[in-house]
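Participant: Under the numbering used here, read the sequence shown as residues 3 to 166, first letter to last. Glycine included, each C-beta is placed from N, C-alpha and C at the ideal position.
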Amino acid sequence: MEENTQKVATEEKKVDEKNEKNVVITSESVELNEMQQTSLMESLEKLQKKQLMYTRVSAILILILVVAIISVLPSVFRTLSIAQEAMNNANTALVNANDMILQGEQTLDEVSELVGTTQTNLVEATNKLNSIDFEGLNGAIKDLGDVVEPMANFFNSFNRTRLF
Numbered sequence: 003m004e005e006n007t008q009k010v011a012t013e014e015k016k017v018d019e020k021n022e023k024n025v026v027i028t029s030e031s032v033e034l035n036e037m038q039q040t041s042l043m044e045s046l047e048k049l050q051k052k053q054l055m056y057t058r059v060s061a062i063l064i065l066i067l068v069v070a071i072i073s074v075l076p077s078v079f080r081t082l083s084i085a086q087e088a089m090n091n092a093n094t095a096l097v098n099a100n101d102m103i104l105q106g107e108q109t110l111d112e113v114s115e116l117v118g119t120t121q122t123n124l125v126e127a128t129n130k131l132n133s134i135d136f137e138g139l140n141g142a143i144k145d146l147g148d149v150v151e152p153m154a155n156f157f158n159s160f161n162r163t164r165l166f
């Protein structure tokens, strides 16, 4: 190895002399370079091992997440189905309530019309009752009673004779 290092050093000296540079490469600098490269490679290997470990941990966590999501999906779909059914029932109830409100409004309109008509008829009936001459009617009833009383007595006398 030293021979190679010396040859490299000799050749580099020749190249450097041509470029007019005075760079001297010794076996110590080559060994130092090799040590630095070895150290760098070891650091890279440690980093790759750490990266591999983190990648595996990430893969396991992602796998756990996927399994959790897959196990939850059926219940989510059932819940969504139930929610959709509940929304449909609520919508039907709202439509029915709206129909009932419209029918209630119609009924109230009819009742209002009936009250108006009844009020008019009641006013007319009150006016007719007020126009009746109750004093004259009472007098006529008294006169009728005076006329009917003797006839009743006459007919009652026949009924008494039959009973006995």
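How far does the alpha helix (DSSP H) with I62 in it reach, from first residue to last?
Facilitator: As a first step, residue 62 must be located in the sequence shown, where it is residue number 60. I62 -> alpha helix (DSSP H) spans 29–133.
Participant: What separation, rounded to the nearest whole angstrom, lies between the Cα atoms of V149 and N155?
Facilitator: Start at 1 with the first residue of the sequence shown, and residue 149 comes out as number 147. Start at 1 with the first residue of the sequence shown, and residue 155 comes out as number 153. So the two alpha carbons sit approximately 11 Å from each other.
Participant: Could you compute how far the alpha carbon of M43 sits from the alpha carbon of R80?
Facilitator: Position 41 of the sequence shown holds residue 43. Position 78 of the sequence shown holds residue 80. If I take the Cα positions, the gap works out to 56 Å.
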